[in-house]
Amino acid sequence: MKLRDLLLETNSALTANKARSGLTILGIVIGIASVIAMVSIGAGTQSTIESNIEGLGSNLLTVLPGVQQAGRAFVSAGRGSAQTLTNDDAEALRSVSGVAAVSPEVSRRYQISATTGNNTNSNVMGAVPAYAAVHNVAVAMGTFITEQSQRSLGRVAVLGPTVSEDLFGEGVDPLGKTIRINRINFKVIGMLQTKGGSGFSNPDDMVFVPLSSMQKLLAGSDYVSSIAMTSEQKDLMASVQAEASALLTMRHRVATPDFSIISQADILGTLSQVMTAFTVFLASIAGISLVVGGIGIMNMMLTAVTERTREIGLRMALGAKRREVAAQFLAESIALTFIGGAVGIGLGWVIARLVSRLGSIATRVSPESVALAFGVAAAIGIVFGYYPARRAAKLNPIEALRHE
Amino acid sequence: MMECRDIVKTYVTGEIETQVLKRVSFTIRDGEFVAIMGPSGSGKSTLMHILGCLDVPTQGSYLLDGRDVAQLNDDELADIRNRKIGFVFQSFNLLPRASVLRNVMLPLVYAGNDPGTRSGLAESALRASAFPEQFWRHKPNQLSGGMMQRVAIARALVNNPSLVLADEPTGNLDSVTGEAVLATFQRLHSEQGRTIVLITHEPYVAEHAGRIIHIRDGQIADDHEVRQRRLVRNAGI
Ligand SMILES: Nc1ncnc2c1ncn2[C@@H]1O[C@H](COP(=O)(O)OP(=O)(O)OP(=O)(O)O)[C@@H](O)[C@H]1O
Ligand SMILES: [Mg+2]
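Residue numbers (this note's numbering), protein chains in the order written: chain A, 54 to 457; chain B, 12 to 248.
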């Protein structure tokens, strides 16, 4: 039997009952589409989060007070609950070899009002000039916190674009205007560029004041809530982290650190783990529907073998070998999964596009996930088609011919 | 050459054993035209299935061209059925989904002929069994019983088998078409030297053969040459 004949037979068998073939294919379409959509949503979310974290600053190390776990520290907003870090610690860290910049920070939420009468509740960040370099932020207009205003307890503020919009309205130049934070007036000296995204500490929605002003005028404490620092090179991160840890342990005169140093790599690593688990979870739920689709194929093929028992007997009587009978039924189930797989990949892609258009999740249909889905579809066709095909091939010709 | 030695065929249905063939022995030489006669249920079809390598005897042995069929594997049997034997089944057994032409081509599909040769052979087989050309692309369920019979005959002859086994091939035909089919068998036999085994319960049909084997209750009751053999003069198809 030639391949062309096999395909002809497959076509005529599958088109003989279009509704049944269609429904069976639909089962596979849904399975494959959900695998593709779920994997691409998972992968898209993962890469969005990773780029957000990278956007926080490169080669970044963050010193936090208290002992925290890498994964949890990032998620818990209540940093600074233990007060162990000081400006002097930050100053000392500058001497660690390989450190590019050090940015001690104090952040708290305050009610902020403008002379226009608008209010907003935002994060106020006490920052030093190095903050801009460490966290990759740049001003769109005016200046960032300067050395001078830092030294002179300047009552000046730099606004994130979202805060500026909330207080003064869209497109209004906030420079020179006055805002009130905790009943103290600050003069706006700059506005940041929009960074976009939905990072965890999104600078778009922050107000920056000099660290000294933050500590003396607003927070009333000399402690810092965190110290961010960057290393000169990526491969110096580990040594900087170790040296900084040793230095602070010595300065604090403690046996075990009363602070933690978290590197971006730690955060990325933890989050990637979480995200991979999440993607696998989504994919396996989708995989269940794929298995259900496969069972649909097996069900249809078993019915077909029973219905066409006489046909099988006839073909054998006319000279079909057992393996040719098996091939015919296997070809049918593989054709079903291939059609279902192809349509499912298309549908999954459309779903992924719709999700990225409607939601804020970026999705990515990777060639690997398409290959995986197709491989799984082919495997399902073979695995679930094998048993019915074998049943057909094992029939006794004369009994099959006499079958009613 | 077909040689049956003490063939017994027993069917088991639940607890009940029915012996359909009871120690049947005979030999059919190459080039013979044999009619098998007998009342309904006497085991004619069962015997033909064994002769056609579709079924195996419960006891005894069947030798086709000197080879014991019980010793052959499934693939060898499939090849013999495909190349050597042409079947006309009592109940036609046409594929409902396929057109007349594709039904006739089916044995050639498994013989591995290329499509061009296939349709040529199928068309001449359909012409030889006097099947009207305007129905070639119809499905079997659009045909009359007699037409289905002729499709079944065309399919049996399409692979040029050296052995033709026909189970009641004229059962559904009017006398004119029946004559035509008998003429075809006689021509295949006399001009091309093929072996023909024809099952019938009509003495008139059986007398077209050279030899008649009577079966009764699964045993050979009589086996004799036809003294006054009928010849179809009008071998018009
Ligand atoms: N698969 C089977 N299982 C049980 N009994 C069977 C089976 N096949 C045939 N028989 C029995 O064997 C007997 C002979 O059947 P067979 O078909 O050979 O008869 P036949 O001579 O061809 O009759 P007819 O002229 O009516 O076609 C019948 O009694 C039938 O019931
Ligand atoms: Mg019969």
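C-beta atoms are modelled at their ideal positions from N, C-alpha and C, and glycine is treated no differently.
Query, Result
"Is the Cβ of isoleucine 451 of chain A closer than 8 Å to any Cβ of chain B?", "yes"
"For the region 79–99 of chain B, enumerate the residues whose C-beta is nearer than 8 Å to any C-beta of chain A, in chain order.", "Asp85, Asp86, Ala89, Asp90, Arg92, Asn93, Arg94 and Phe98"
"In chain A, which residues lie less than 8 Å from leucine 106 of chain B when you measure between Cβ atoms?", "Glu364 and Leu367"
"Alpha carbon to alpha carbon, what distance is there between isoleucine 341 of chain A and proline 118 of chain B?", "43 Å"
"Take the Cβ of arginine 125 of chain A as the centre, count every other Cβ of all protein chains shown within 10 Å, and call the residue buried at 16 or more, exposed below.", "Confidence at arginine 125 of chain A is low in this model, with a pLDDT of 49, below 50, so its placement is unreliable and the value that follows should be read with caution. Exposed, because fewer than 16 other Cβ atoms sit within 10 Å of the Cβ of arginine 125 of chain A."
"Return the CA-CA distance between tyrosine 439 of chain A and glycine 401 of chain A, expressed in angstroms with no decimal places.", "27 Å"
"Within 7 Å: the Cβ of glutamine 225 of chain B and any heavy atom of ligand 1?", "Reading off the sequence shown, one finds histidine at residue 225 of chain B, where the question assumed glutamine. Outside the cutoff, so no."
"Given that a residue counts as buried once 16 or more other Cβ atoms are within 10 Å of its Cβ, and exposed if not, what is valine 128 of chain A?", "Because the pLDDT at valine 128 of chain A is just 40, under 50, the model does not fix this residue reliably, and the value given afterwards should be weighed accordingly. Classification for valine 128 of chain A: exposed."
"First and last residue of the alpha helix (DSSP H) that includes glutamine 201 of chain A?", "200–204"
"Quick check on DSSP: helix, strand or coil for aspartate 233 of chain B?", "strand"
"Considering Cα atoms alone, identify which of A/Ala384, A/Gln246, A/Ala297 and A/Gly224 is closest to threonine 196 of chain A.", "A/Gln246"
"Compute the minimum distance between the beta carbon of serine 56 of chain B and the heavy atoms of ligand 2, and state whether it is under 7 Å.", "yes"
"Could you name the residues of the same chain whose beta carbon sits closer than 7 Å to that of aspartate 280 of chain B, not counting the 5 residues immediately before and after it, in chain order?", "Summary: the structure shown does not reach residue 280 of chain B, with chain B confined to residues 12 through 248, and so no result is reported for it."
"So, does the CB of glutamate 385 of chain A fall closer than 8 Å to a CB anywhere in chain B?", "no"
"Cβ atoms of phenylalanine 196 of chain B and methionine 210 of chain B: under 8 Å apart, would you say?", "The question names methionine, but residue 210 of chain B in the sequence shown is isoleucine. No, Cβ-Cβ distance for isoleucine 210 of chain B and phenylalanine 196 of chain B is not below 8 Å."
"What would DSSP say about threonine 98 of chain A, mapped onto helix, strand or coil?", "helix"
"Quick one: does the C-beta of aspartate 178 of chain B sit closer than 7 Å to a heavy atom of ligand 2?", "yes"
"Classify lysine 20 of chain B: buried if its beta carbon has 16 or more other beta carbons within 10 angstroms, exposed otherwise.", "buried"
"Report yes or no: is there a C-beta of chain B within less than 8 Å of the C-beta of glycine 37 of chain A?", "With chain A covering only 54 through 457, there is no way to say anything about residue 37 of chain A."
"Residues in the same chain with beta-carbon distance under 8 Å from serine 135 of chain B, minus the five sequence neighbours each way, listed in chain order, please.", "none"
"Buried or exposed for isoleucine 27 of chain B, please, with buried defined as at least 16 other CB atoms from any protein chain shown within 10 angstroms of its CB.", "exposed"
"Please determine whether the Cβ atom of glutamine 70 of chain B lies at a distance below 7 Å from any heavy atom of ligand 2.", "no"
"Note down the Cα distance separating cysteine 64 of chain B from isoleucine 78 of chain A, rounded to an integer number of angstroms.", "39 Å"
"Does the beta-carbon of histidine 456 of chain A, which I'm using as the reference point, lie nearer than 7 Å to any heavy atom of ligand 1?", "no"
"So, for methionine 158 of chain B: in the same chain, excluding its five sequence neighbours on each side, which residues have a beta-carbon less than 6 Å away from its beta-carbon?", "none"
"Quick one: is aspartate 257 of chain A buried, meaning 16 or more other Cβ sit within 10 Å of its Cβ, or exposed?", "buried"
"Quick check on DSSP: helix, strand or coil for leucine 65 of chain B?", "coil"
"What does proline 118 of chain B touch in chain A if you count any residue whose Cβ is under 7 Å from its own?", "Leu371 and Gly372"
"May I ask whether a heavy atom of ligand 2 can be found less than 7 Å away from the beta carbon of glutamine 160 of chain B?", "no"
"Between arginine 443 of chain A and chain B, is any beta-carbon pair separated by less than 8 Å?", "no"
"Based on the DSSP secondary-structure assignment, which residues constitute the bridge partners of valine 209 of chain A?", "A/Lys240"
"Give a yes or no on whether the C-beta atoms belonging to valine 159 of chain A and leucine 264 of chain A are separated by under 8 Å.", "yes"
"Along chain E, which residues have their Cβ under 7 Å away from the Cβ of tyrosine 121 of chain B?", "No chain E appears in this structure, whose protein chains are A and B."
"Under the three-state reduction of DSSP, which class applies to methionine 290 of chain A: helix, strand or coil?", "helix"
"For the beta strand (DSSP E) that phenylalanine 103 of chain B lies in, which residues bound it at each end?", "Careful: phenylalanine 103 of chain B lies outside any beta strand (DSSP E) and carries neither H nor E."
"For a contact meaning CB atoms closer than 8 Å, what does serine 65 of chain A contact in chain B?", "Arg108 and Ala109"
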